[in-house]
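Peer 1: I am attaching a structure below and will ask some questions about it afterwards.
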Ligand SMILES: NC(=O)c1ccc[n+]([C@@H]2O[C@H](COP(=O)([O-])OP(=O)(O)OC[C@H]3O[C@@H](n4cnc5c(N)ncnc54)[C@H](O)[C@@H]3O)[C@@H](O)[C@H]2O)c1
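Numbering (our numbering), first residue to last: 160 to 501.
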């Protein structure tokens, strides 16, 4: 297959593209920035959030190579960054619109990357089956951007016959997630900080429970989805893709510390505005429809993540000196102030 991957210079895009190449597929990437980890597949550098007129062969008047299927991963993917900069949420929706128009004109099936954030924070102790999502509980502009994208996709399926799969991911960690100067992600951030002997901060404290998904489990699920969608075996489904087990963020930090052989210094702070503070995915649908089974629990994934991080650092010692992106309101020059009663 020839697979067009948007957001191919990001964590999931890089892992997915390499996985598809290894399976014998052709990959064409589109991203607004170069891939920091690999040059194994061609990447068109393009801003996908422009207001472009319709163009048959690609987005924004650029003729793309022929494709059989599109995987749309490009997005501003940080919840709290979009609380501070909500115009990026609109850009996420515009990107999805552009990709949908492209897919519609060429009649291509689409795989989309949604998120557990669409569930909001209200069902904290319920089961998170796919039908639990309700737009009335939109927690943040990021969540709104994914709900809007999902809604556009469902409307294209009804009005234009689009074939799609929507995956809702949750805290994907592992390889190709260490570009901390661009984007703060909690697992590599903790590895970075603890390996320097620095304290870490757990926003949401001991109650923050997340469903951490090791990258290879996420990629194997997307890969199965691509195969089944292309073969016409599964279509027009929305599917949770996560490990299906809750772990506190504090436990994740302790596992990292154990791997690094350090005593963790953990500060606890209130959850940040817009964040989901408890999520454990119901993954029965992914099992049933895709025959997928995640195989990497947190205590097996963290050692791999730490080991990959250390290998990369050993080969790229300069990365250590780059400043970490500042994602949080309390540290931003344009700090977003939470209302006192919120
Ligand atoms: N990683 C996770 O834990 C997770 C969880 C839930 C959902 N998701 C979703 O999965 C997708 C991939 O996530 P990721 O972790 O790989 O994110 P990422 O930030 O590593 O990758 C996203 C890529 O999109 C690109 N991009 C952003 N704006 C663009 C634009 N205007 N034009 C072209 N490219 C643009 C970025 O440059 C980046 O390379 C995202 O849509 C994200 O919202 C990820």
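Note that CB positions come from ideal geometry on N, CA and C, so glycine has one too.
Just to check my reading of the structure: residue 423 and residue 359 have Cβ atoms closer than 8 Å, yes? What is that Cβ distance to the nearest angstrom?
Peer 2: 7 Å
Peer 1: Looking at C-beta atoms only, is the number of pairs between the segment 332-349 and the segment 286-294 that lie closer than 8 Å three or more?
Peer 2: no
Peer 1: Can you tell which of 294, 187 and 196 has the C-alpha that lies nearest to the C-alpha of residue 474?
Peer 2: 196
Peer 1: May I ask you to list the residues that DSSP assigns as paired with residue 228?
Peer 2: 162
Peer 1: Measure from the alpha carbon of residue 399 to the alpha carbon of each residue in 231, 260, 268 and 291, then state which is nearest.
Peer 2: 291
Peer 1: Here's the rule: buried if 16 or more other CB atoms are within 10 angstroms of the residue's CB, otherwise exposed. What is residue 498?
Peer 2: The predicted model places residue 498 with a pLDDT of 44, which falls under 50 and marks its position as unreliable; any figure quoted below should be read in that light. The residue is exposed, with fewer than 16 neighbouring Cβ atoms inside 10 Å.
Peer 1: My output table needs one value for residue 328: the three-state DSSP class, helix, strand or coil.
Peer 2: strand
Peer 1: Could you spell out the range, first to last residue, of the alpha helix (DSSP H) harbouring residue 432?
Peer 2: Taken as a continuous stretch (DSSP letters only), residue 432 belongs to no alpha helix (DSSP H), as it is neither H nor E.
Peer 1: What number of angstroms, rounded off, separates the C-alpha of residue 171 from the C-alpha of residue 328?
Peer 2: Here the alpha carbon of residue 171 sits roughly 10 Å from the alpha carbon of residue 328.
Peer 1: Helix, strand or coil for residue 131? Go by DSSP, reduced to three states.
Peer 2: Any question about residue 131 goes unanswered here, given that the chain covers just 160 to 501.
Peer 1: Which residues does DSSP pair with residue 414 in a beta bridge?
Peer 2: For residue 414, which the question treats as bridged, DSSP gives no partner whatsoever.
Peer 1: Please look up how many angstroms separate the CB atoms of residue 312 and residue 271, rounded, as I've assumed it's under 8 Å.
Peer 2: 6 Å
Peer 1: Throw me the rounded Cβ distance for the residue 481 and residue 340 pair, which I believe falls under 8 Å.
Peer 2: A Cβ-Cβ separation of about 4 Å places residue 481 in contact with residue 340 under the 8 Å criterion.
Peer 1: In or out: residue 377 buried (at least 16 other Cβ within 10 Å) or exposed?
Peer 2: buried
Peer 1: I'd like to confirm something about residue 257: is its beta-carbon nearer than 7 Å to some heavy atom of ligand 1, or not?
Peer 2: Incorrect: residue 257 has no Cβ contact closer than 7 Å to ligand 1.
Peer 1: Hey, is residue 348's beta-carbon within less than 8 Å of any beta-carbon in chain D?
Peer 2: Here chain D cannot be found, since the structure has a single protein chain.
Peer 1: Nearest to residue 232 by CA position, among 187, 224, 281 and 392, is which residue?
Peer 2: Selected option, being the one with the closest Cα: 187.
Peer 1: Starting from residue 354, follow the beta strand (DSSP E) in both directions and report where the run begins and ends.
Peer 2: Residue 354 -> not in any beta strand (DSSP E); alpha helix (DSSP H) instead, spanning 345-354.
Peer 1: Secondary structure at residue 190, three-state DSSP: helix, strand or coil?
Peer 2: strand
Peer 1: May I ask you to verify whether the segment 343-355 touches the segment 409-421, counting CB pairs closer than 8 Å and requiring at least 3?
Peer 2: yes
Peer 1: So residue 162 and residue 228 are supposed to be a Cβ contact under 8 Å. How far apart are they, rounded?
Peer 2: 5 Å
Peer 1: Rounded to whole angstroms, what is the Cα-Cα separation between residue 224 and residue 404?
Peer 2: 40 Å
Peer 1: Helix, strand or coil for residue 362? Go by DSSP, reduced to three states.
Peer 2: strand
Peer 1: Between which two residues does the beta strand (DSSP E) holding residue 173 run?
Peer 2: No beta strand (DSSP E) contains residue 173, which is instead part of the alpha helix (DSSP H) from 170-181.
Peer 1: Return the CA-CA distance between residue 380 and residue 426, expressed in angstroms with no decimal places.
Peer 2: 35 Å
Peer 1: With a threshold of 7 Å (Cβ to nearest heavy atom), would residue 435 be considered close to ligand 1?
Peer 2: no
Peer 1: Check whether the Cβ atoms of residue 165 and residue 207 sit closer than 8 Å, and answer yes or no.
Peer 2: yes
Peer 1: What is the rounded straight-line gap between the Cα of residue 247 and the Cα of residue 421?
Peer 2: 38 Å
Peer 1: On the premise that residue 250 lies in contact with residue 213, defined as a C-beta separation below 8 Å, what is that separation, rounded to the nearest angstrom?
Peer 2: 19 Å between Cβ atoms; not a contact.
Peer 1: Between which two residues does the alpha helix (DSSP H) holding residue 294 run?
Peer 2: Element bounds for residue 294: n/a, residue is neither H nor E.
Peer 1: With distances taken Cα to Cα, identify the nearest neighbour of residue 243 among 437, 432, 184 and 445.
Peer 2: With respect to the C-alpha of residue 243, the residue from 437, 432, 184 and 445 having the closest C-alpha is 432.
Peer 1: Grab me the residues of residue 316's own chain with a C-beta within less than 8 Å of its C-beta, minus the 5 sequence neighbours each way, in chain order.
Peer 2: 322, 323 and 395
Peer 1: Locate the alpha helix (DSSP H) running through residue 465, then write down its first and last residues.
Peer 2: According to the DSSP assignment, residue 465 belongs to the alpha helix (DSSP H) that extends over 457-474.
Peer 1: So who's on the other strand from residue 375, going by DSSP bridges?
Peer 2: Residue 375 pairs with nothing; no bridge assigned.
Peer 1: Once the 5 residues before and after residue 180 are set aside, which same chain residues still bring their CB inside 7 Å of it?
Peer 2: Excluding sequence neighbours, residue 180 sits near 186, 199 and 200.
Peer 1: If you draw a straight line from the alpha carbon of residue 430 to that of residue 461, how long is it in whole angstroms?
Peer 2: 23 Å
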